[in-house]
Amino acid sequence: MAEFDLIIKGGTVATASDTFVADIGVKDGKISALASTLTGGFKEINAKGKYVLPGGIESHAHIAQESATGAMTSDDYYTGSVSAAFGGNTTIIPFAAQHRGHSVRDVLSTYDDRAAPKSVLDYSYHLIISDPTDVVLNDELPEAFERGITSFKVFMTYDKMIVQDEQLLDILVKAREHGALTMVHAENNAMIKWMVNRLVDQGHTQAKYHAVSHPAAAEVEAINRGIALAGFVDAPLLFVHVSTDGGANAVAKARLAGKKIFGETCPQYLTLTANDLDRADPEGTKYCCSPPLRDVATQEALWRHLQAGTFHLWSSDHSPYRYDKSGKLMNGDNPPFNAVANGMPGIEMRAPLLFSEGVNKGRISINQFVALTSTNAAKLFGLHPKKGTICIGADADMAIWDPELTKVPGDNSMHDNMNYNPFAGMSVKGWPTMTISRGEVIVDGEELKAEAGRGQFLKRSPFDSTGYTSRLVPELVPATNFGAKIL
Ligand code: DUC
Ligand code: ZN
Ligand code: ZN
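Residue numbers (this note's numbering): 124 to 610.
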């Protein structure tokens, strides 16, 4: 009998720390050997001249999710996970969204029904909390953490989703108590509404004004406030989709001060600009996302932050709303910018864009690429070392990459359920050619080899705060606050 179910031979293996040529032996869905030469594989794959990397972990995607305004994302867990698999990913962590008045228990059971029969990739969810009632805080969130859903997102903007600062403090404290990680969409709601009202009053309703209506200052203010609130109660906080130099600087400064603050950015902020919104009506709506696209100087600053380690995550923020009546144009053929569903697709191009613009252009190393697209997500979201690396005992989740393969994708060349691609026309060098999940080849070139529902739900571990010192302010400590028990 063969010693290994699979041997991947002769590839250049890269992890978040090391790059080396090796054979990888896989047995029972796990990596069971790494050696200069292995023999005895039931199946062998020649990876000479290619990179063998940990499967990507896409930890920011909106799949089968309704927005507060009623738009439904176009991808379900089948098309979303298939598209992710063609982009070299082996794990997805989309969102399960609680809208006001809904129970978290019901939300999770709805998303279980959406994901389990359809996902081709292993998956978990982050909860979105918009209604932190006592029942949610004291019963339902602890139950969710018990199930291994150890992260959730809140919004500091949008009238239908916003949590006020006092509610954010409640949530941060609950997360701290249970070892969960809070993720936050940080933009100042008042500044945005103030801008939207003025722009619309003056008739500036074209898509390009979406970028104007969400000023950089709104993100910078909210990130600084989030840092202050999280620091006050000593809780970890991850700023998703950071789009400004000022916001990234605040994250970097907080990290330097030893705070448990993390940042994520997304390909669109480093490859597109607000000028992409300036198209004949209504085509600019394709590029309406929040936070909005910025400018070339911001792109340069964000590259610098990626290089310097400010950001832990490079995520797509895949928010697929089709360019038709089901999505971008659901409020008319030429909707004002403030009636357009926010977001753009990108789950399949997330990692190739970073390979092309980052690794192949010499901006980051292959090891930084692995950290940003896989290992850091596994560590932050309680999946490491089962996921996110290539080591003995890890799940055999890998993607084989051809660093020279160049493609110019079009509007319909992805495997998602979209009818446009914001990155169409870009020359992208470096693509995955094979994706392997738990030892099974699920994508081989252009061929999908995975069945709907093969993906498994991942029970995640609590947030690991090793390496961060706990710093409680004196007002929260009974020894220095005259004995009051606040936390
Ligand atoms: N936030 C996201 O994370 N995605 C889409 C829109 C938004 O506001
Ligand atoms: Zn957001
Ligand atoms: Zn998002």
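Where a beta carbon is used, it is the ideal one built from N, C-alpha and C, also for glycine. On a predicted model such as this, the values are computed, not experimentally measured, just so you know.
Check                                                                                                                                                               : Outcome
Would Gly466 pass as a contact of Tyr444 if the rule is Cβ separation under 7 Å?                                                                                    : yes
Check whether the segment 271-281 touches the segment 303-313, taking contact to mean three or more Cβ pairs, one atom from each stretch, closer than 8 Å.          : yes
Check Met633 in the structure and name its three-state DSSP category.                                                                                               : In the structure displayed, the chain extends from 124 to 610; residue 633 sits before or after that span and is not available.
Give the range of the alpha helix (DSSP H) segment to which Ser206 is assigned.                                                                                     : 200-209
Here's the rule I'm using: 16 or more other beta-carbon atoms within 10 Å means buried, otherwise exposed. How should Glu269 be labelled?                           : exposed
When the Cα atoms are used, what is the spatial distance from Ile180 to Arg561?                                                                                     : 14 Å
By DSSP, does Ile315 sit in helix, in strand, or in coil?                                                                                                           : helix
For Asp245, name the three-state secondary structure that DSSP assigns.                                                                                             : strand
Taking 6 Å as the cut-off, is the C-beta of Asn461 nearer than that to any heavy atom in ligand 1?                                                                  : no
Comparing the CB of Asp539 with every heavy atom of ligand 3, is any distance shorter than 6 Å?                                                                     : no
Go ahead and pull the three-state DSSP assignment for His435.                                                                                                       : coil
Just list the alpha helix (DSSP H) runs in the segment 271-311, keeping only unbroken ones of 4 residues or longer that don't cross its boundaries, in chain order. : 288-301
Answer yes or no: do Gly163 and Ala125 have a C-beta to C-beta separation smaller than 7 Å?                                                                         : yes
Quick check on this structure: which residue in Lys509, Leu477, Pro532, Met537 has the alpha carbon closest to the alpha carbon of Trp524?                          : Leu477
Is there contact between the segment 210-229 and the segment 244-252, where contact requires at least three CB pairs shorter than 8 Å?                              : yes
Considering just the uninterrupted stretch of the beta strand (DSSP E) at Glu569, what are its terminal residues?                                                   : That residue, Glu569, is in no beta strand (DSSP E); it is neither H nor E in DSSP.
Taking 6 Å as the cut-off, does the CB of Ser182 come closer than this to any heavy atom belonging to ligand 1?                                                     : no
Where DSSP assigns a beta bridge to Gly134, which residues make up the other side?                                                                                  : Ala145
Using 8 Å as the Cβ pair cut-off and three pairs as the minimum, do the segment 506-518 and the segment 531-545 touch?                                              : no
How many angstroms separate the CA atom of Asp357 from the CA atom of Cys412?                                                                                       : 31 Å
Do you know offhand how far Tyr591's Cα is from Lys382's?                                                                                                           : 7 Å
Would you check if the segment 281-295 and the segment 326-336 touch, i.e. whether three or more CB-CB distances between them fall below 8 Å?                       : no
My guess is that Leu176 and Thr213 are in contact by the Cβ rule of under 8 Å, so how many angstroms apart are they, rounded?                                       : Actually they do not touch by this definition, with Cβ atoms about 10 Å apart.
For ligand 3, is there any heavy atom lying closer than 6 Å to the beta carbon of Asp198?                                                                           : no
Would you mind sorting Glu310 into buried or exposed? The rule is 16 or more other CB atoms within 10 Å of its CB.                                                  : buried
Our contact map puts Pro359 next to Ser588 with C-beta atoms below 8 Å; I'd like the distance itself, whole angstroms only.                                         : 6 Å
Run through DSSP, which three-state label would Thr603 get?                                                                                                         : helix
When you measure from the CB of Asn465 to every non-hydrogen atom of ligand 5, does any distance come out below 6 Å?                                                : This structure lacks ligand 5; its bound ligands are ligand 1, ligand 2 and ligand 3.
Counting only the same chain and skipping the five closest in sequence on each side, list residues whose C-beta sits under 6 Å from that of Thr433.                 : Ala371, Val374, Ala375, Gly386
Please indicate yes or no: does the CB of His308 lie closer than 6 Å to some heavy atom of ligand 1?                                                                : yes
Kindly indicate which residue of Leu157, Ala547, Gly134 has the alpha-carbon position closest to the one of Gly516.                                                 : Leu157
Tell me where the alpha helix (DSSP H) around Ile489 begins and ends.                                                                                               : 489-493
Heavy atom of ligand 1 less than 6 Å from the Cβ of Asp399, yes or no?                                                                                              : no
Going straight from the alpha carbon of Met521 to that of Ile285, what length do you get?                                                                           : 38 Å
Taking a contact to mean a Cβ-Cβ separation below 7 Å, would you say Thr367 touches Glu342 in this structure?                                                       : yes
DSSP has Pro555 in a bridge; who is on the other side?                                                                                                              : Trp524
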